[in-house]
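Engineer:
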Amino acid sequence: MSEDNVIEVEHLTKKFGNFTAVDDISFEVHRGEIFGFLGANGAGKTTAMKMLTGLSFPTSGKGRVAGYDIWTQSELIKKNIGYMSQKFSLYSDLTVKDNIEIFGGIYGMERHAVRRRAVELMDRLGFIAEKNEKVRDLPQGWKQKLAFLVAIIHNPGIVFLDEPTGGVDPAARRQFWELIYDVVDSGITAFVTTHYMDEAEYCNRISMMVDGRMDALDSPSALKRKFGASSVAEVFDILARGAKRSE
Amino acid sequence: MDSIRVKRLKKGYGRGLPPAVDIREGFSVSEGELFGIIGPDGAGKTTLFRLLTTLISPDEGDAVVQGLDIIRDYRKLRTIIGYMPGRFSLYPDLSVRENLDFFASVFGTSIKENYHLIEDIYCRLEPFADRKAGNLSGGMKQKLALCCTLIHSPEVLFLDEPTTGVDPSSRREFWETLARLRRTGMTIVVSTAYMDEANRCDRVAMMRSGRFLKVDTPSDIVAGFDRRLLAVRSDEMFRLLQDLRSMEEVVKCYTFGDTHHVVLKENAACAPDEIGHRLTGKYGHTGVQVREQAATLEDCYMNLDD
Chain C
61 MSEDNVIEVE HLTKKFGNFT AVDDISFEVH RGEIFGFLGA NGAGKTTAMK MLTGLSFPTS
121 GKGRVAGYDI WTQSELIKKN IGYMSQKFSL YSDLTVKDNI EIFGGIYGME RHAVRRRAVE
181 LMDRLGFIAE KNEKVRDLPQ GWKQKLAFLV AIIHNPGIVF LDEPTGGVDP AARRQFWELI
241 YDVVDSGITA FVTTHYMDEA EYCNRISMMV DGRMDALDSP SALKRKFGAS SVAEVFDILA
301 RGAKRSE
Chain F
2 MDSIRVKRLK KGYGRGLPPA VDIREGFSVS EGELFGIIGP DGAGKTTLFR LLTTLISPDE
62 GDAVVQGLDI IRDYRKLRTI IGYMPGRFSL YPDLSVRENL DFFASVFGTS IKENYHLIED
122 IYCRLEPFAD RKAGNLSGGM KQKLALCCTL IHSPEVLFLD EPTTGVDPSS RREFWETLAR
182 LRRTGMTIVV STAYMDEANR CDRVAMMRSG RFLKVDTPSD IVAGFDRRLL AVRSDEMFRL
242 LQDLRSMEEV VKCYTFGDTH HVVLKENAAC APDEIGHRLT GKYGHTGVQV REQAATLEDC
302 YMNLDD
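Just so you know, the protein sequences line up as chains C and F, in that order.
Taking our numbering, the leading residue of the first sequence gets 61, the next gets one more, and so forth.
Taking our numbering, the leading residue of the second sequence gets 2, the next gets one more, and so forth.
#1: Measure the C-alpha to C-alpha separation of Gln200/C and Asp42/F and round it to an integer number of angstroms.
#2: In chain order, what residues of the same chain have a beta carbon less than 6 Å from the beta carbon of Arg229/F, not counting five sequence neighbours either side?
#3: Consider the Cβ of Thr47/F: report whether some Cβ of chain C lies at a distance smaller than 7 Å.
#4: Taking the alpha carbon of Arg31/C as the point to measure from, which residue in Leu154/C, Tyr262/C, Ala81/C and Lys110/C has its own alpha carbon closest?
#5: Indicate whether at least one CB of chain C lies closer than 7 Å to the CB of Ser210/F.
#6: Assuming Gly140/F and Ser96/F make a contact with CB atoms under 8 Å, what is their CB distance in whole Å?
#7: Going by DSSP, what residue range makes up the alpha helix (DSSP H) through Glu275/F?
#8: When you compare each of Pro155/F, Leu137/F, Pro19/F and Val263/F to Thr54/F by their alpha carbons, which one comes out closest?
#9: I'd like to know whether the C-beta atoms of Val66/C and Arg91/C end up nearer to each other than 7 Å.
#10: Can a CB atom of chain F be found closer than 7 Å to the CB of Glu261/C?
#11: Confirm, please, whether the CB-CB distance from Glu261/C to Asp259/F is below 7 Å.
#12: Across which residues does DSSP place Glu61/F in a beta bridge pair?
#13: For Thr225/C, which of Asp64/C, Met182/C, Ser145/C and Met111/C has the nearest alpha-carbon?
#14: Given a limit of 9 Å on CB to CB distance, which residues of the stretch 281-300 of chain C reach chain F?
#15: In chain order, what are the residue ranges of uninterrupted beta strand (DSSP E) at least 3 long that sit wholly in the stretch 208-248 of chain C?
#16: In its own chain, which residues sit with a C-beta less than 7 Å from the C-beta of Leu145/F, not counting the 5 before and 5 after it?
#17: If we ignore side chains and look at the alpha-carbon of each, how far apart do Pro230/C and Asn78/C end up?
#18: Using the beta-carbon count (16 or more within 10 Å), is Asp94/F buried or exposed?
#19: Does the beta-carbon distance from Cys308/C to Gly96/C come in below 7 Å?
#20: Along the stretch 19-49 of chain F, where does the CB come closer than 9 Å to a CB of chain C? Name the residues.
#21: With DSSP collapsed to three states, give me the class of Lys191/C.
#22: Touch check for the stretch 262-279 of chain C and the stretch 72-88 of chain C: three-plus C-beta pairs under 8 Å?
#23: For Cys148/F and Tyr302/F, I'd like the C-alpha separation in whole angstroms.
#24: In chain C, what lies closer than 7 Å to Tyr255/F by C-beta?
#25: Below 8 Å on the Cβ atoms is my guess for Arg177/C versus Gly164/C; work out the distance and round it to an integer in Å.
#26: Report the neighbours of Glu223/C on chain F: residues whose CB is nearer than 7 Å to its CB, in chain order.
#27: Tell me whether the stretch 211-220 of chain C and the stretch 239-253 of chain C touch, counting them as touching only if at least three CB pairs, one residue from each stretch, are closer than 8 Å.
#28: Does Asp3/F come out as helix, strand or coil in the three-state DSSP assignment?
#29: So, is Ala303/C buried or exposed, given that buried needs 16 or more other C-beta atoms within 10 angstroms?
#30: Identify each residue in the stretch 194-221 of chain F for which the Cβ-Cβ distance to at least one residue of chain C is less than 7 Å, and report them in chain order.
#31: List the residues of chain C that Ser235/F touches, going by C-beta distances under 7 Å, in chain order.
#32: At a CB distance below 8 Å, what residues from the stretch 134-156 of chain F approach chain C? Give them in sequence order.
#33: Is it right to say Phe104/F is buried, meaning 16 or more other beta carbons lie within 10 angstroms of its own, or is it exposed?
#34: Let me make sure I understand the geometry here. Which of Asp278/C, Val210/C, Lys139/C and Asp245/C has the alpha-carbon closest to that of Val156/C?
#35: Three-state secondary structure (DSSP) at Ala81/C?
#36: Can you tell me where the beta strand (DSSP E) holding Met85/F begins and where it ends?
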């Protein structure tokens, strides 16, 4: 695996019976980039992400994530990536600080290392004043920030953000994206799924899955040029129109 | 004629928190209107929906839906409205068809009777009629939920963030369905986090802290935007954001797809070129483009509190 890549997969395929959910995809994610993972509902994004995060095995194909093999080292993958789901879970009757320490502990970090990292991250994300507040008393936007923070507490090489801004209003979405920029600036690679096409523009590169295949992968500006489109939304439409699978 | 008329409406959940809904000015929604509500998490959108659909009662105030009082006439009112909550609320252990049958029978009707209302959505679900609702994908769950909400041919439809987690193409289809329902005379109240959807409403309410800060047609809201707006880009977008914010004549700067939008101070006389030169010179940006930008609904939303 090249030093410059955090993810490398070749011919990754996942079949459920005679249904091919992920159909022979090959791609790389470069270290330090924001990689947008786009596609219609049912295109195979979730299935692909499960394989990349060590939660399921492919039917065929090979790949490495954060330096580890998806076939033989899935437990090591889990330890070395971060993951935040749209339906994130925090311990609502514990304080911000306690939540951070619990997640640090789960990742096997030493107590003093967790403390040091917690201070660093709380400072970066503007959380210091709230560290002793119970999570249930935080506004939704702050809970979301905290969920992101605990996902990167162990300083993973890559963090997977699965629709982190679903259902979030335009102002809070922008704040969250500035946070992503900030965290990527500190050296963590971000792998993001979103249904907001303006957010796709914030990625260094985006991929689009159609019917289990990866039909496009490039920078937003290159994709727009290639498809003669004025926005990523238009590119999405052009590609999605070719989809056979529909819901 | 008004389908919904709210005079005042207040609802709090105690715990020393400010009321979730505190509408003092009142508002009304006309029959057959497509009325959108946008606002941040915690603005009170869901509480407002739950009040108007009689699932909770207000602390104070009164409201009427289709001439029926939300407190006194709640039983009758429930039979003529449809409510699709933001959270998936069908029976996961029942099949697609069983769910639909169930909701039809609860309202004393049958699938056949109102099939015309759901036909264009249900035809996509039909191949999966025997699948358990819990095993459907997100997009299909949402389609089924809409079918179940429509099966008794409601006069007013309440949709709480119906398209969260739905891809752009399916969202467009969903809104085409809403446009068709609207043409049948159905009143529709819908909340959304997507500004392109808000743009498709007849009128939009911008809600914050339990109140409507603005209610108007999307075009009138946009026409009321009275600041100068620029769209700026360069090769280093994240640094550009910080640099623009540090400029004296800039009130606000936020990301906007492939550009940043910059709101200028009222008396700022600087031309776009001038900002462009400064970004290239003083700040060392490359690939700089600066142009005047017409406001969109999203810009109005972003500048609501100033």
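For every residue, glycine included, the Cβ atom is placed at its ideal position computed from N, Cα and C.
Nothing here was measured: the structure is a model prediction, and the numbers come from that model.
Structural biologist: Let me spell this out:
#1: 7 Å
#2: Leu265
#3: no
#4: Here chain C comprises residues numbered 61 to 307, so residue 31/C is not present and cannot be evaluated.
#5: no
#6: Contact doesn't hold; Cβ gap of about 18 Å is too wide.
#7: Pro273 to Gly282
#8: Pro155/F
#9: yes
#10: yes
#11: yes
#12: Lys11/F
#13: Ser145/C
#14: Ser281, Lys284, Ser291, Val292, Ala293, Phe296, Asp297 and Ala300
#15: 218-222
#16: Leu91, Val97, Asn100, Leu126, Ala134 and Leu137
#17: 41 Å
#18: exposed
#19: Residue 308/C is absent from the model: chain C starts at 61 and stops at 307.
#20: Ile39, Gly40, Pro41, Asp42, Gly43 and Ala44
#21: coil
#22: yes
#23: 31 Å
#24: Arg234
#25: 7 Å
#26: Gly166
#27: yes
#28: strand
#29: buried
#30: Ala194 and Met196
#31: Correct list: empty, because the minimum Cβ distance to chain C is about 13 Å.
#32: Ser138, Gly139, Gly140, Met141 and Lys144
#33: buried
#34: Val210/C
#35: strand
#36: Ile82 to Met85
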